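Undergrad: Using the numbering used here, the first residue of the sequence shown is number 19, and each one after it goes up by one.
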Amino acid sequence: MGATARLVQLAWRSLTARLTRTLLTMSGVMLGVGVILAVSITNLSTMDSIRLVFTDASGRAHLVVTDAGADDEGFREAIRADVAALPGVHAAVPTVQGQALLADEAIPEEMGVSFFGAVGGGITLYGIDPALDTEARQYRVVAGRFLDAGVLNARDIVMVEAFAEEKSLALGQDIQVLTPYGVTDLHIVGLIAKEGPGQVNNGAFGVIPLDTAQALFGRAGRINQIDVVVTPEAATVAQIDALKNALQARLGDAYSVIYPAAQGKRVTQMLDTYQMGLDFMSVVALFVGTFLIYNAFSMTVVERTREIGMLRTVGMTRRQVTRQILTEAAVLGLLGSLLGLGLGITLSRGLIRIMEIVMAQEVREVRIPLDGLVTSMAIGLGATLIAALVPSWQAGRISPLEALRIRGNRREGWLMRHGWLPGVGLLATASVILYRVTLAPSLQTHLSSLAILLLFLGGTFLIPATVTVWERIARPWVLSLYGSEGHLGSRNIERSRLRTTLTVAALMIGVAMILTMRGMTSAYERDIRAWVNAYIGGDLYVYSNLPMRTDLGRRLESIEGVRAVTPIRYLSVNRLKPDGTKERLTLTVVDPATYRHVTSFVFADDQGNADRLLDELEQGGTVYVSSVLSEMYGLQRGDTIRLETRRGQHDFRVAAVVVDFYDQGMVLEGSWRDMRRYFGVNHASAFLLKLEPRASVEEVQERIQTVYGQRRHLTVQSNKSLKERAFTLMAQAFSLFDVLALIAMIVASLGVVNTLTMNVMERTQEIGMLRGVGMTRRQVAKMILAEAGVMGLIGGAFGIAFGLFLLRLTLVGIAEVQGYELGFVLPTQGILVSLLIALVVSQLAALWPARRAARINVIEAIHTE
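This is the structure:
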């Protein structure tokens with residue numbers, strides 16, 4: 019048997035000899051690794067699902083040409099010839115894209131909302147040239163046939179099979195589709211699989227001939243997009259990039275030439291910060307687990323002092339002892355990590371489900387990345403070995419003579435006596451990094467995460483110096499709750515400061531993360547509520563999956579009980595940055611003349627009189643910028659911002675800064691006059707209605723639904739219910755962080771179980787003697803519970819202090835990375851809940867060790883060495 023095999027065999031024997039401790043420690047590793055892998059799988063699967071929606075829609079296309087300035091009106095079809103004539107272009111594939119409704123489909127009672135805003139219904143239609151389209155996209159026909167090549171005006175449609183089944187539609191059936199330009203009859207000639215382009219709009223998708231689509235959507239001679247497929251000889255990265263630049267130069271600024279995946283870039287950017295937060299929370303769970311590992315191996319070394327001394331006596335060297343302990347750590351870390359992989363895959367299913375609800379987007383494939391598996395394994399094994407380094411080094415320093423004389427001799431190290439010195443240094447370093455160091459947003463996020471871990475480490479070093487003080491503070495509470503037994507338990511926490519420190523630190527981190535999440539949620543909720551109350555102003559919200567003509571506003575205003583109506587339109591626009599690059603923004607368009615009678619904007623501080631600011635917007639040539647854009651780019655009132663419009667590039671003056679979270683704050687507000695003039699659009703996305711003071715919301719809602727609902731395919735919803743759904747969605751988005759913070763607390767509770775179990779084992783003889791002089795089983799249990807209660811109290815107090823400090827730092831970090839400054843809100847409820855959780859968790863975790871201590875046999879305990 020080789021030396022390595024013998025080490026593994028000895029390690030396995032030692033781990034199984036202390037099975038309870040091994041299982042507890044392994045559980046900490048398993049949870050930490052499981053959370054890291056689960057978040058990795060969730061993030062990758064979510065991002066891939068979003069990207070594939072866009073890349074599959076363009077299929078084999080290498081480049082995509084779109085209109086730079088308009089939302090959905092398209093551009094001249096003749097441009098396709100210019101694109102196709104460029105050297106290196108194999109095919110220039112045109113499409114007309116539009117949203118339609120099935121005329122017989124029931125009107126939804128509620129508007130869909132998601133992380134990205136309103137969720138459209140109906141069916142997305144692509145008008146294609148069947149002879150060209152297969153050059154870019156692959157459709158798998160599962161029933162019937164595809165569109166006839168060369169026939170561009172047929173009233174045929176091919177739709178996704180799953181969507182047809184959902185709507186009870188069959189091959190060969192005639193259907194009616196509704197667009198802003200009327201009702202059109204179409205004949206279902208084929209069904210395709212929900213794959214490739216069939217995944218557009220979650221499968222609510224169909225293709226029709228190009229000319230038919232142009233007639234349906236009133237875009238004669240116009241298209242929305244050209245997918246460019248290059249020749250095999252020009253398919254290198256450098257050549258495609260050169261072709262992209264050549265196309266952009268030929269077409270001019272009125273068009274955007276982009277890569278297919280770039281169409282989903284804005285969506286993935288919206289999730290980036292959210293997912294980075296999930297990544298950090300997963301690392302925190304394993305960070306807490308390292309305390310559990312360190313504690314377990316420290317106790318193992320103390321408990322095996324005599325055994326190690328015997329091994330040293332018979333010739334084992336310091337290095338071999340150290341290797342032996344590290345081998346045990348490696349075996350434990352490997353097993354915990356392997357179990358963690360299984361847990362992570364299982365946990366990811368639940369996290370992905372929450373993400374699907376939040377995004378209103380199906381994650382069609384759960385991706386288990388090989389690099390994610392390897393990374394999670396490496397982190398779990400590495401964290402275990404790092405946590406075991408100091409205990410293994412201490413084991414190697416044990417003198418044979420010292421070990422044989424005294425079993426389990428422990429001396430407080432320098433860190434226990436003077437650890438507050440490096441603790442203060444780490445806290446100062448973390449504060450400087452978070453407050454003073456500024457890097458690129460992506461690097462800043464990782465550096466901030468490291469600083470927060472340093473903050474927790476610094477807090478851990480402060481604990482030993484304050485244990486005595488905290489014990490004295492907690493003593494009256496413990497005495498009143500547990501009696502004289504509580505006094506014994508309270509004093510016991512000072513007997514093993516290292517163990518107490520690590521257990522309290524784990525509780526501290528769990529409490530701090532819960533409090534930080536609650537505080538951050540409260541800060542977001544306060545601002546989001548103020549914005550939503552203004553954004554979804556008035557009493558009723560009228561919405562359709564089709565653009566609505568502005569004359570509908572006057573008709574709605576004539577309904578009995580309606581006092582005022584204002585339209586809203588959302589456009590995607592390109593902003594030209596000073597460095598020449600483009601940035602996609604959402605332009606929310608309002609009619610200031612009517613908007614002020616229904617609701618108002620939430621203006622940032624020191625912007626001036628609201629009515630005067632609305633007058634400036636109404637005059638034209640001006641926009642409002644969100645506070646996110648203002649913080650991110652330093653845009654203030656009086657500055658200019660350049661946008662691409664249908665009339666070319668145009669500079670708009672910034673008239674005000676407003677609070678707006680739509681599209682993650684990457685939004686501008688403009689006037690209806692400017693939208694018609696510069697973007698050639700005059701349809702509304704929604705109408706906000708304000709009712710007469712005594713009018714019944716339900717009765718007016720029913721009137722509108724009766725008169726216009728079915729005819730205009732309108733969804734009429736009370737703003738109260740819409741706001742409630744928006745707030746529910748916000749709570750669901752933050753629930754992922756709560757889940758991960760809870761897992762950190764579970765790991766911390768394992769630390770409490772581990773520590774108290776070790777304490778009970780170490781004090782077996784002492785407990786036996788106390789039982790021998792009359793202490794009852796119940797009193798022993800109360801003593802152990804009191805010890806756990808003090809640790810819970812200290813961990814809760816430290817957690818609250820560091821949680822509030824971390825909350826302030828987190829809000830500063832959000833301002834740096836996201837460009838939005840959140841106001842600090844003291845989370846009073848979160849403080850009480852966090853402290854209660856710390857106390858409850860510590861007591862629940864102590865139940866098993868307390869029961870074990872109470873059941874100790876008196877005679878056997880007294881004879882224990």
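No residue lacks a Cβ here, since even glycine has one placed at the ideal position from N, Cα and C. The structure displayed is predicted, hence computed values, not measured ones.
#1: Excluding five sequence neighbours on each side, which residues of the same chain lie with their C-beta closer than 8 Å to the C-beta of G638?
#2: Which of the three DSSP states, helix, strand or coil, is assigned to K595?
#3: Of all the options A154, T518, I363, which has the alpha carbon lying nearest to the alpha carbon of T60?
#4: Rank L365, R493, P585, G168 by C-alpha distance to the C-alpha of T617 and give the top, closest one.
#5: Below 9 Å between beta carbons: does that hold for I175 and H205?
#6: Give me the DSSP bridge partner(s) of I659.
#7: Could you tell me which residues DSSP puts in a beta bridge with V207?
#8: Below 9 Å between beta carbons: does that hold for G360 and G52?
#9: Report the option in S467, L439, L473 whose CA atom is closest to the CA atom of S449.
#10: So, using beta-carbon positions, are G507 and G477 closer together than 9 Å?
#11: I'd like to confirm the pairing. Which residues does DSSP put opposite E687 in its beta bridges?
#12: If you measure between the beta carbons of V771 and P867, is that distance less than 9 Å?
#13: In the DSSP assignment, the beta strand (DSSP E) including L17 goes from what residue to what residue?
#14: For the beta strand (DSSP E) containing V82, name the first residue and the last one.
#15: Can you tell me whether H731 is buried or exposed, with buried defined as 16 or more other CB within 10 angstroms of its CB?
#16: Taking the alpha carbon of V408 as the point to measure from, which residue in I343, T521, L357, L825 has its own alpha carbon closest?
#17: Taking G807 as the reference, which of H505, D624, A252 has the closest Cα?
#18: At 3 residues or longer, and completely inside the segment 701 to 726: list those beta strand (DSSP E) runs for me, N to C.
#19: Is the closest heavy atom of the ligand SAH to the C-beta of Q217 under 8 Å?
#20: Quick check on the DSSP output: the alpha helix (DSSP H) that includes D629 runs from which residue to which?
#21: Could you tell me the boundaries of the alpha helix (DSSP H) in which H505 lies?
#22: Report yes if the CB atom of I527 is closer than 9 Å to the CB atom of F305, and no otherwise.
#23: Work out the CA separation of Y273 and V255 for me, nearest whole Å.
#24: With H, G and I counted as helix, E and B as strand and the rest as coil, what does DSSP make of S132?
#25: Hey, how far is the Cα of D624 from the Cα of G817?
#26: Please report the distance separating the alpha-carbon of L653 from that of L647.
#27: Specify, as a first and last residue, the run of the alpha helix (DSSP H) that R330 falls within.
#28: Using the C-alpha atoms, what's the distance from A864 back to V791?
#29: Just to confirm, is the Cβ distance from I141 to V195 under 9 Å?
#30: Kindly indicate which residue of S644, W411, A149 has the alpha-carbon position closest to the one of D545.
#31: Report yes if the CB atom of T521 is closer than 9 Å to the CB atom of V47, and no otherwise.
#32: Run the CB neighbour count on H80, radius 10 Å, all protein chains shown included, and call it buried at 16 or more, exposed below.
#33: Do V485 and I451 come within 9 Å of each other at the CB atom, strictly closer than that value?
#34: Is it the case that the Cβ atoms of Q719 and L558 are separated by a distance below 9 Å?
#35: Using C-beta distances below 6 Å, list every residue in its chain close to D669, excluding the 5 sequence neighbours before and after it, in chain order.
#36: Considering M395, what are the terminal residues of the alpha helix (DSSP H) in which it resides?
TA: For this structure:
#1: Within the sequence shown, numbered from 1, the residue matching residue 638 stands at position 620. So the qualifying residues of the chain are S689, R691, D692, R695.
#2: Looking up residue 595 in the sequence shown gives position 577. Coil, per DSSP.
#3: In the sequence shown, counting from the first residue as 1, residue 60 sits at position 42. Residue I363 is the option with its Cα nearest to T60.
#4: The residue given as residue 617 occupies position 599 in the sequence shown. Considering only alpha carbons, the answer is P585.
#5: Counting from 1 along the sequence shown, the entry for residue 175 is found at position 157. Counting from 1 along the sequence shown, the entry for residue 205 is found at position 187. The answer is yes: Cβ separation under 9 Å.
#6: The residue labelled residue 659 in the question sits at position 641 within the sequence shown. Beta-bridge analysis with DSSP links I659 to F670.
#7: Taking the first residue of the sequence shown as 1, we reach residue 207 at position 189. As far as DSSP is concerned, V207 takes part in no beta bridge.
#8: Walking along the sequence shown from the start, residue 360 turns up at place 342. Walking along the sequence shown from the start, residue 52 turns up at place 34. In contact: G360 and G52 (Cβ atoms closer than 9 Å).
#9: The residue you call residue 449 lines up with position 431 of the sequence shown. Comparing Cα-Cα distances from S449 to each of S467, L439, L473, the minimum goes to L473.
#10: Here residue 507 refers to the residue found at position 489 when the sequence shown is read from its first residue. Here residue 477 refers to the residue found at position 459 when the sequence shown is read from its first residue. Between G507 and G477, the C-beta spacing is not below 9 Å.
#11: As a position in the sequence shown, residue 687 is number 669, starting the count at 1. In the DSSP output, where bridge partners are listed per residue, E687 has T606, Y642.
#12: The residue you call residue 771 lines up with position 753 of the sequence shown. The residue you call residue 867 lines up with position 849 of the sequence shown. Yes.
#13: Outside the displayed range of the chain (19 to 883) lies residue 17, so it cannot be described from this structure.
#14: If you number the sequence shown from 1, residue 82 lands on position 64. It spans 81 to 85 - the beta strand (DSSP E) in which V82 sits, taken as one unbroken run.
#15: Position 713 of the sequence shown holds residue 731. With 16 or more other Cβ atoms within 10 Å, it is buried.
#16: Position 390 of the sequence shown holds residue 408. Closest option to V408, Cα to Cα, is I343.
#17: The residue labelled residue 807 in the question sits at position 789 within the sequence shown. Cα-wise, what sits closest to G807 is H505.
#18: As far as the segment 701 to 726 is concerned, its whole beta strand (DSSP E) runs of at least 3 residues are 701 to 709.
#19: This structure lacks the ligand SAH; in fact it carries no ligand of any kind.
#20: The sequence position of residue 629 within the sequence shown is 611, counting from 1. Where D629 is concerned, the enclosing alpha helix (DSSP H) stretches over 628 to 637.
#21: As a first step, residue 505 must be located in the sequence shown, where it is residue number 487. Unbroken alpha helix (DSSP H) run through H505: 502 to 510.
#22: Translated into the one-based positions of the sequence shown, residue 527 becomes position 509. Translated into the one-based positions of the sequence shown, residue 305 becomes position 287. Yes, they are a contact pair.
#23: For the purposes of this step, residue 255 is taken as residue 237 along the sequence shown, with counting starting at 1. For the purposes of this step, residue 273 is taken as residue 255 along the sequence shown, with counting starting at 1. Distance between V255 and Y273, taken at the CA atoms: about 22 Å.
#24: The sequence position of residue 132 within the sequence shown is 114, counting from 1. Its pLDDT being 46, under 50, S132 is placed unreliably by the model, and nothing is read from it.
#25: Indexing the sequence shown from 1 puts residue 624 at position 606. Indexing the sequence shown from 1 puts residue 817 at position 799. C-alpha separation (whole angstroms): 37 Å.
#26: Taking the first residue of the sequence shown as 1, we reach residue 653 at position 635. Taking the first residue of the sequence shown as 1, we reach residue 647 at position 629. The straight-line gap from Cα to Cα measures roughly 7 Å.
#27: Taking the first residue of the sequence shown as 1, we reach residue 330 at position 312. Annotation: the continuous alpha helix (DSSP H) that includes R330 extends over 323 to 331.
#28: To locate residue 791, count along the sequence shown from 1; it is residue 773. To locate residue 864, count along the sequence shown from 1; it is residue 846. Per the coordinates, the alpha-carbon of V791 lies some 24 Å from the alpha-carbon of A864.
#29: For the purposes of this step, residue 141 is taken as the residue at position 123 of the sequence shown. For the purposes of this step, residue 195 is taken as the residue at position 177 of the sequence shown. It is a contact, given that the beta carbons lie within the stated cut-off.
#30: The residue you call residue 545 lines up with position 527 of the sequence shown. Per the C-alpha coordinates, the member of S644, W411, A149 positioned closest to D545 is S644.
#31: Along the sequence shown, one-based indexing puts residue 521 at 503. Along the sequence shown, one-based indexing puts residue 47 at 29. Contact flag unset, no.
#32: Counting from one through the sequence shown, the residue named residue 80 turns up at place 62. Here H80 is buried, its C-beta having at least 16 other C-beta atoms within 10 Å.
#33: Locating residue 451 in the sequence shown gives position 433, counting from the first residue. Locating residue 485 in the sequence shown gives position 467, counting from the first residue. Annotated as distal: I451 and V485, with beta-carbon spacing of 9 Å or more.
#34: Numbered from its first residue, the sequence shown carries residue 719 at position 701. Numbered from its first residue, the sequence shown carries residue 558 at position 540. Cβ distance < 9 Å, so Q719 and L558 count as in contact.
#35: Working through the sequence shown from its first residue, we reach residue 669 at position 651. Once the five neighbours on either side are set aside, the close Cβ partners of D669 are T658, R660.
#36: Numbered from 1 along the sequence shown, position 377 holds the residue referred to as residue 395. Judged by DSSP secondary structure, M395 falls within the alpha helix (DSSP H) whose first and last residues are 388 to 414.
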